[in-house]
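Here's the structure we're looking at; comments come further down.
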Amino acid sequence: MNDNQLALRTVNVSRYVAPLREGGSMPGLVEADDQFLYVLKFRGAGQGAKALIAELIGGEIARLLGFRVPEIVFANLDSAFGRIEGDEEIQDLLKASTGLNLAIHYLSGSITFDPLATPVEARLASQIVWLDCLLMNVDRTVRNTNMLWWHKELWLIDHGAALYFHHSWNDWQEPRRPFIRVKDHVLLPQATLLETVDAEFRQKLTVRHIQAIVQTIPDEWLTDDTVFATPEEQRQAYAQFLETRLANSSFFVTEAQHARESLI
1 MNDNQLALRT VNVSRYVAPL REGGSMPGLV EADDQFLYVL KFRGAGQGAK
51 ALIAELIGGE IARLLGFRVP EIVFANLDSA FGRIEGDEEI QDLLKASTGL
101 NLAIHYLSGS ITFDPLATPV EARLASQIVW LDCLLMNVDR TVRNTNMLWW
151 HKELWLIDHG AALYFHHSWN DWQEPRRPFI RVKDHVLLPQ ATLLETVDAE
201 FRQKLTVRHI QAIVQTIPDE WLTDDTVFAT PEEQRQAYAQ FLETRLANSS
251 FFVTEAQHAR ESLI
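In full-length UniProt numbering, the protein residues as written are 1 to 264.
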């Protein structure tokens, strides 16, 4: 990735295939005008555009750090889809999501990662735990791993529950904000190399990378006008949070290590 620019493709949804009734956001399987299938994340769903922002930031930081992440694209949804859908709940969701949404390339044939069936070595486990501590991602648990096994490789998906502070913006500037939910992370028992990973990832993820990623957030998703005066001010709030958390990564590494020790 160029340090100063990150370009995501934009596609147009050409066919709504089926709902994926998973979690509270109820994403949909769609076909786009490039003939590929995508999992569409609707901005009209419960968490609104904030879930899309977290998905975008979390997924692209993960990709930058070397994780396997399906391609993320912007997806335009025409108002016509809401008029022809028979299911009233889905019809309302489609109507509320007209315009720009986010979509993830569909990994056909992938299976949900099962930590009991597929062991993860310590280095990769530590890398994933570190990432989720940085992002404060609460949704990588035994109940819902949000990882897929595809072509004998582990892929990370669904970062929409990360950065949960932005639902209220309370204390977001606190440099040592605790992440208590790390204790529930599905890979925490295997994460024995957190300090090594911390040193590597702090070098790999730079302020310029963070700026490039937050600059991709569309203006129309940045609607917290009660907190921020402009979309750019809100983008910089995300950047400041990530930069501050990265600079204080030793705090969340220690927190994760203590949580791990309490499990073993």
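Just so it is clear, CB atoms sit at the ideal spot from N, CA and C, and this is done for glycine as well.
None of these values were measured; they are calculated from a predicted model.
Out of the options, point me to the one whose CA is closest to residue i's CA.
i: THR112; options: GLU255, VAL142 and CYS133; result: VAL142
i: ALA191; options: GLU255, ASP158 and ALA51; result: GLU255
i: GLU232; options: ILE128, GLU220 and PHE252; result: GLU220
i: GLN91; options: PRO218, PRO27, LEU148 and PRO70; result: PRO27
i: TRP149; options: ARG181, ASP132 and LEU107; result: LEU107
i: LEU40; options: ASP78, ASN101 and PHE251; result: ASN101
i: LEU156; options: ARG63, GLN257 and ASP184; result: ARG63
i: GLY46; options: ARG208, THR206, ASP184 and SER97; result: SER97
i: LEU194; options: ASN146, SER250, ARG208 and THR145; result: SER250
i: LYS204; options: ASP33, GLN35, LEU20 and ILE61; result: ILE61
i: MET147; options: TRP169, ASN76 and GLY59; result: GLY59
i: HIS151; options: ALA199, SER110 and PRO218; result: SER110
i: LEU77; options: ASP87, ALA199 and LEU29; result: LEU29
i: ASP224; options: ALA199, THR206 and TRP169; result: TRP169
i: PRO218; options: LEU20, GLU88 and GLY99; result: GLY99
Applying the criterion that 16 or more other CB atoms from any shown protein chain within 10 Å of the CB defines a buried residue, is residue i buried or exposed?
i: GLN234; result: buried
i: HIS167; result: exposed
i: ILE57; result: buried
i: THR10; result: exposed
i: GLU174; result: exposed
i: ALA49; result: buried
i: residue 283; result: The displayed coordinates of the chain run from 1 to 264. Any statement about residue 283 would go beyond what the structure contains.
i: THR226; result: exposed
i: GLY118; result: It is worth fixing the name first, because residue 118 is Thr in this sequence and not Gly. Its Cβ having fewer than 16 others within 10 Å, THR118 is exposed.
i: VAL120; result: buried
i: ALA80; result: exposed
i: ALA75; result: buried
Identify, in the order they occur along the chain, each residue of the same chain with its Cβ nearer than 6 Å to the Cβ of residue i, setting aside the five sequence neighbours on each side.
i: LEU93; result: PHE42 and GLY44
i: VAL197; result: SER126, GLN127 and TRP130
i: GLY160; result: ALA51, ALA54 and GLU55
i: PRO115; result: VAL186
i: LEU222; result: PRO231 and GLN234
i: SER35; result: Per the sequence shown, the amino acid found at residue 35 is Gln instead of Ser. So no residue of the chain qualifies.
i: THR145; result: PHE113 and VAL186
Does the distance from the CB of residue i to the CB of residue j come in under 7 Å?
i: ALA162; j: ALA54; result: yes
i: ILE264; j: GLU243; result: no
i: ARG181; j: ASN248; result: no
i: ARG260; j: LEU188; result: yes
i: ARG123; j: ASP132; result: no
i: LEU65; j: PHE201; result: yes
Can you give me the Cβ contacts of residue i inside the same chain, cut-off strictly under 7 Å, excluding the 5 residues immediately before and after it?
i: TYR164; result: MET136 and VAL138
i: GLU31; result: SER14, ARG15, VAL17 and LEU37
i: GLU153; result: ARG68
i: THR216; result: LEU6, LEU8 and LEU56
i: TYR238; result: ILE57 and VAL214
i: PRO70; result: ILE104, HIS105, LEU107, TRP155 and ILE157
i: PHE179; result: CYS133, MET136, PHE252 and GLU255
Leaving out five residues before and five after residue i in sequence, what residues of the same chain have Cβ atoms less than 8 Å from its Cβ?
i: TRP172; result: PHE165, HIS166, ALA237 and PHE241
i: SER262; result: LYS183
i: PHE228; result: LEU222, GLN234 and ALA237
Report yes if the C-beta of residue i is less than 6 Å from at least one heavy atom of the ligand SAH; otherwise report no.
i: LEU135; result: What this structure holds is no ligand at all, so the ligand SAH is not there to describe.
Inside the stretch 113–190 only - alpha helix (DSSP H) runs reaching at least 4 residues:
122–135
Could you name each continuous alpha helix (DSSP H) segment of 4 residues or more that falls completely within the stretch 26–109, going from the start of the chain to the end?
49–64, 80–84 and 88–96
Within the stretch 186–215, ranges of the beta strand (DSSP E) (whole runs, at least 3 residues)
none
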